[in-house]
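Worksheet for the structure shown next.
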Amino acid sequence: MANETATASNAIQAAPLVSIEETFEKAAVEAAELGDTTFYRITVEPGWVWSDHYGPVIGAEICSEHHHLCMLSGEMTVEMDDGTRKTLRAGDVSVIPPGHDAWTEGGEQAVFLDIDQGR
68 MANETATASN AIQAAPLVSI EETFEKAAVE AAELGDTTFY RITVEPGWVW
118 SDHYGPVIGA EICSEHHHLC MLSGEMTVEM DDGTRKTLRA GDVSVIPPGH
168 DAWTEGGEQA VFLDIDQGR
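In C-alpha cells form, the structure reads like this:
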C-alpha cells in the first residue's frame, strides 16, 4: 500500500458516548469528543422546559448556543425569541440559532444528538 500512515484528516475516529457530570433536572447528557467536534446525546423527560430546568443553572432566560440537532425519538418544540416555533420529531434534523427556548411535547422522552463543531 502506498499510504499506510493514517493522519488525523484521513483516519476513522470513534468514541463511546459517556455520561457527563453536567446534569440538570429532567435530563441526562452523554458526550464524546473527536478532534474539534463534540457529540452530545441528550435525553429530556416529559415536562422538561429549557428555561425552567437549565436556564436557572447557567443564569439565562434563553439559550444563547447555536445547535445542530438530530431528533432520535420523541418530540420537542423550539421557540425563537421572536415567537417563531417549530416542533421537531424523530428523524428531523435542525439548525437552531441562538436566542431560543425549548420543551418536550407529549408524554414521552425526547432524545436528540447535538453536534458541536469547533464552537
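Heads up: the sequence shown is residues 68 to 186, going by the numbering used here.
Glycine included, each C-beta is placed from N, C-alpha and C at the ideal position.
Please read these numbers as outputs of a predicted model, since none were measured by experiment.
Helix, strand or coil at residue i according to DSSP, with G and I counted as helix
i              : result
histidine 133  : coil
isoleucine 163 : strand
tryptophan 170 : strand
isoleucine 182 : strand
Neighbourhood of residue i by C-beta distance below 8 Å, restricted to the same chain and skipping five residues each side
i             : result
glutamate 112 : Lys93, Ala94, Thr171 and Gln176
alanine 69    : Interpretation of alanine 69 is limited by its pLDDT of 45, a score under 50 that renders its predicted location unreliable; the figure taken from the coordinates is listed afterwards. Contacts found: none.
glycine 174   : Pro113
glutamine 80  : Leu101 and Gly102
Beta-carbon gap between residue i and residue j smaller than 7 Å
i             : j              : result
tyrosine 107  : valine 116     : no
alanine 82    : alanine 99     : yes
arginine 152  : threonine 144  : yes
glycine 166   : isoleucine 109 : no
threonine 104 : glutamine 184  : yes
leucine 136   : aspartate 181  : yes
glutamine 134 : isoleucine 87  : Reading the sequence as shown, one finds histidine at residue 134 and not glutamine. No, they are not a contact pair.
Cβ-Cβ separation, residue j to residue i (assumed contact under 8 Å), whole Å
i             : j             : result
aspartate 168 : glutamate 146 : 5 Å
glycine 141   : valine 178    : 6 Å
Proximal residues to residue i (C-beta, below 6 Å), its chain only, five neighbours per side dropped
i          : result
valine 160 : Cys137
Close beta carbons around residue i, own chain, < 7 Å, minus the five adjacent residues each side
i             : result
histidine 120 : Phe91, Glu92, Lys93 and Ala94
Discussion item. Which runs of the alpha helix (DSSP H) at least 4 residues long sit entirely within the segment 81 to 120? Give them in chain order.
Written reply: 117 to 120
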